[in-house]
Amino acid sequence: MTTASKERVKKAMKSVGINTLTELANEVGITKNQLSVILSDRYNPIKATFFELSEVLRVTPDKLIDFQSNGKNKPKCRALVKHNSKYSAIELFAGGGGLALGLEQAGIDTILHVDNDKYCCDTLSKNRPNWNVVCSDVSKIDFKPYKGKINIVTGGFPCQAFSYAGKKLGFEDTRGTLFYEFARCVKETAPLIFVAENVRGLISHDNGRTLKTIIDIFESLGYNIQTKLLNAVNYNVPQKRERIVIVGTQKDTTIKFEYPKESKKIKTLREALKNVPKSEGQTYSTAKKEVFKLVPPGGCWRDLPLKIQKSYMGKSFTSGGGRTGMARRISWDEPCLTLTCSPSQKQTDRCHPDEVRPFTIREYARIQTFPDDWVFAGGMGQQYKQIGNAVPVELGRQIGIQIKKAIDTYKK
Ligand SMILES: C[S@@+](CC[C@H](N)C(=O)[O-])C[C@H]1O[C@@H](n2cnc3c(N)ncnc32)[C@H](O)[C@@H]1O
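Going letter by letter, the sequence shown gives residues -5 to 406 in my numbering.
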């Protein structure tokens, strides 16, 4: 038996600004009495009016239900949220919410956020109780019910190799990869525009064949494709961080996307960390501390005495390449180097300018342009991971603005 949860309904009412049951009944187009029946303990809510109620409250029906019998009755296919916004979106691989938050700041209305990591989903739900966060493997989600309800699909699918065996791959041949799942979502929902971001490495992955396959498949699904490597530092983010941004716009339509324009001003670490709140953070081992004490702001292993260079670098000392990420201390007057999922890995160390320690959680978040009130779920390692994996919020916002402009160019 499933029954509507009055508590959940009240919470959802609050998040959409509906204050009374009379107001809610009016919005749904039923009488207050009919609403009381729906919310009564004996009512089995999986009926048409209940779906209308959930649409008004902008949540999926299961978010309003008390699942008894251990949730066994939970519907397999999530019903969709009816939406009127022409900027409504689905976000896949939402992580700790960098891109999702940036898109929200741009005014995009994401009606479904998907990630299979518990901590990421907790982060999204904690910060935005009104978001429809589905914590699931993306391959388990049926996107067909969202067709006609969204205009945008976004997300960064983790890059995986395809097996070619010398042949040109079609959409079905990439089954089993996360790219396939992203492309399936596009195929099933037919958005006007989609944006897929990825690491720079995708460009050279398998000598460029992976990216070529991805583009060919998106084109075969009916999209014109643009790709561009964006460096976040050129978009008001105090960090050098490159991401390839693949944009698909429906063929045979008027829709036109332009990448955000680069800013002339570069943000420094000093600006990024001004009045940063105190928070927890990792520390270095005693041996590492002794090494970093010798590195000036803006410096790296090259600033160490030769003997220490050799012992600290080990094999890397002779293996060539600049290795300028090693024993790197950031200066106040430069942007930070790319943050990674863990703040004290030997190849990608970024030491605080004045203190002998990695950046704290809130410093990490500032460098990724998360607002100070965006909290991350899980232990310290999980928090660093979510932040280090994110699209900088500000870059997401600027991409979001361009997505909206593109949709405005669409004429039927
Ligand atoms: C690079 S992170 C995304 C970061 C996010 N775009 C942001 O801006 O914060 C990739 C995410 O994909 C998620 N992921 C990986 N495999 C998945 C799957 N099979 N189904 C759903 N999510 C998955 C991971 O948990 C991770 O959070």
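C-beta: ideal position from N, C-alpha, C; glycine also.
Everything numeric in this text was worked out from a predicted model, so none of it was measured.
Q | Cβ-based neighbour list, K70, same chain, cut-off 7 Å, excluding 5 preceding and 5 following | A | The residue you call residue 70 lines up with position 76 of the sequence shown. Low per-residue confidence applies at K70: pLDDT is 36, beneath 50, and the placement is therefore not dependable enough to give any value.
Q) Is Q99 helix, strand or coil by DSSP? A) Looking up residue 99 in the sequence shown gives position 105. If DSSP states are grouped into helix, strand and coil, Q99 belongs with the helices.
Q) Sorted by chain position, which residues of the same chain lie with C-beta nearer than 7 Å to D200's C-beta, five sequence neighbours on each side aside? A) Working through the sequence shown from its first residue, we reach residue 200 at position 206. Hits under 7 Å: A155.
Q | D136 beta carbon near ligand 1 (any heavy atom closer than 7 Å) | A | As a first step, residue 136 must be located in the sequence shown, where it is residue number 142. No.
Q) Taking just the CA atoms, how far does D327 sit from A6? A) Taking the sequence shown and counting its residues from 1, one reaches residue 6 at position 12. Taking the sequence shown and counting its residues from 1, one reaches residue 327 at position 333. Whole-angstrom Cα-Cα distance: 45 Å.
Q: For V387, I'd like the list of residues in its chain whose CB is within less than 6 Å of its CB, leaving aside the five on either flank, ordered along the chain.
A: In the sequence shown, the residue the question calls residue 387 occupies position 393. Same-chain partners within the cutoff: G92, L95, G96, T363, F364.
Q: Could you give the DSSP three-state label for Q220: helix, strand or coil?
A: One-based indexing of the sequence shown puts residue 220 at position 226. Of the three classes helix, strand and coil, the one that applies to Q220 here is strand, per DSSP.
Q: Verify the contact flag: G91, CB atom, against every heavy atom of ligand 1, threshold strictly below 7 Å.
A: For this step, residue 91 is matched to residue 97 along the sequence shown. Checking the Cβ of G91 against ligand 1 gives yes.
Q) To the nearest angstrom, how far is it from the Cα of R323 to the Cα of R237? A) Here the question's residue 323 lines up with position 329 in the sequence shown. Here the question's residue 237 lines up with position 243 in the sequence shown. Going by the C-alpha atoms only, they are around 23 Å apart.
Q | Under the three-state DSSP convention, the category N225 falls into | A | The count along the sequence shown starts at 1 and reaches residue 225 at position 231. Strand at N225.
**Q.** D327, DSSP secondary structure in three states
**A.** What you label residue 327 is simply residue 333 of the sequence shown in a count that begins at 1. Coil, per DSSP.
Q. The alpha helix (DSSP H) spanning W129 covers which residue range?
A. Counted from its first residue, the sequence shown places residue 129 at position 135. It should be noted that the sequence gives Cys, not Trp, for residue 129. Per DSSP, C129 belongs to no alpha helix (DSSP H); it is in the beta strand (DSSP E), 127 to 129.
Q) Between which two residues does the beta strand (DSSP E) carrying T148 extend? A) Counting from 1 along the sequence shown, the entry for residue 148 is found at position 154. Counting along the chain, the beta strand (DSSP E) containing T148 begins and ends at 146 to 149.
(Q) If the criterion is Cβ atoms closer than 8 Å, does the pair Q392 and P185 meet it? (A) Mapped onto the sequence shown, residue 392 falls at position 398. Mapped onto the sequence shown, residue 185 falls at position 191. No, the Cβ-Cβ distance between Q392 and P185 is not below 8 Å.
Q | For V147 and T183, believed in contact at Cβ under 8 Å, the rounded distance | A | As a working mapping, residue 183 is identified with position 189 in the sequence shown. As a working mapping, residue 147 is identified with position 153 in the sequence shown. Yes, they are in contact, since the Cβ atoms of T183 and V147 sit about 6 Å apart, within 8 Å.
Q. Taking three-plus beta-carbon pairs below 8 Å as touching, is the region 260 to 270 in contact with the region 202 to 209?
A. no
Q) How would you call E85, buried or exposed, if buried means at least 16 neighbouring beta carbons within 10 angstroms? A) The sequence position of residue 85 within the sequence shown is 91, counting from 1. Label assigned to E85: buried.
Q) D343 to M320, Cα distance in whole Å? A) The sequence position of residue 343 within the sequence shown is 349, counting from 1. The sequence position of residue 320 within the sequence shown is 326, counting from 1. Whole-angstrom Cα-Cα distance: 6 Å.
(Q) Counting C-beta neighbours from all protein chains within 10 Å, is the total for A159 16 or more, i.e. buried, or is it exposed? (A) On the sequence shown, position 165 is the one that residue 159 refers to. It counts as exposed.
Q.
So, for T403: in the same chain, excluding its five sequence neighbours on each side, which residues have a beta-carbon less than 7 Å away from its beta-carbon?
A. Your numbering for residue 403 matches position 409 in the sequence shown. Excluding residues within five positions, the ones whose Cβ falls inside 7 Å are T248, I249, K250.
Q.
Whether or not the region 52 to 61 and the region 120 to 128 are in contact is what I'm after, with contact meaning three or more pairs of Cβ atoms, one per stretch, closer than 8 Å; do they touch?
A. yes
Q: Evaluate S338 with the Cβ neighbour count: other Cβ atoms within 10 Å of its Cβ, from every protein chain shown; 16 or more gives buried, anything less gives exposed.
A: What you label residue 338 is simply residue 344 of the sequence shown in a count that begins at 1. Buried is the call here.
Q | Own chain residues within Cβ distance below 6 Å of N218, not counting five before or after | A | Translated into the one-based positions of the sequence shown, residue 218 becomes position 224. Answer for N218: T243, K245, listed in chain order.
(Q) Here's a check: name, in chain order, each residue in its chain whose Cβ is nearer than 8 Å to the Cβ of V285, leaving out the five neighbours to either side. (A) Here residue 285 refers to the residue found at position 291 of the sequence shown. Excluding positions up to five away in sequence, the list reads L298, I302, Y306, A321.
Q. Across which residues does DSSP place Q233 in a beta bridge pair?
A. Position 239 of the sequence shown, counting from 1, holds the residue named residue 233. In the DSSP output, where bridge partners are listed per residue, Q233 has C330.
Q: Pick helix, strand or coil for H199, following the three-state DSSP scheme.
A: Walking along the sequence shown from the start, residue 199 turns up at place 205. DSSP places H199 in helix when its eight states are reduced to three.
Q. Near L15, what residues of its chain come up, given a Cβ to Cβ distance below 7 Å and the 5 sequence neighbours on each side ignored?
A. Walking along the sequence shown from the start, residue 15 turns up at place 21. K26, L29.
Q) Is the region 273 to 284 in contact with the region 344 to 356, if contact means three or more CB pairs nearer than 8 Å? A) yes
Q | Sub-8 Å separation of I361 and L333 beta-carbons | A | Position 367 of the sequence shown, counted from the start, is the residue given in the question as residue 361. Position 339 of the sequence shown, counted from the start, is the residue given in the question as residue 333. Contact flag set, yes.
Q: Out of L300, W295, G149, R235, state which residue places its alpha-carbon closest to the alpha-carbon of G90.
A: The residue labelled residue 90 in the question sits at position 96 within the sequence shown. Of L300, W295, G149, R235, the residue nearest in Cα terms is G149.
(Q) Within 10 Å of its beta-carbon, does G170 have 16 or more other beta-carbons around it, so buried, or fewer, so exposed? (A) On the sequence shown, residue 170 is found 176 positions in, with the first residue counted as 1. With fewer than 16 Cβ atoms within 10 Å of its Cβ, G170 is classed as exposed.
Q | beta-carbon G293 near ligand 1 non-hydrogen atom, thresh 7 Å | A | Along the sequence shown, one-based indexing puts residue 293 at 299. No.
(Q) Can you give me the C-alpha to C-alpha distance between S63 and G373, rounded to a whole angstrom? (A) In the sequence shown, residue 63 corresponds to position 69, counting from 1. In the sequence shown, residue 373 corresponds to position 379, counting from 1. Its pLDDT being 39, under 50, S63 is placed unreliably in this model, and the coordinates cannot settle the point.
Q) Just to check, is the beta-carbon of D109 closer than 7 Å to a non-hydrogen atom of ligand 1? A) Here the question's residue 109 lines up with position 115 in the sequence shown. Answer for D109: yes, Cβ within range of ligand 1.
Q. Can you give, in chain order, each stretch of the alpha helix (DSSP H) that sits fully within the region 104 to 186 and has at least 4 residues?
A. 112 to 121, 172 to 183
Q) Any heavy atom of ligand 1 closer than 7 Å to the CB of N126? A) In the sequence shown, the residue the question calls residue 126 occupies position 132. N126 Cβ: outside cutoff for every heavy atom of ligand 1.
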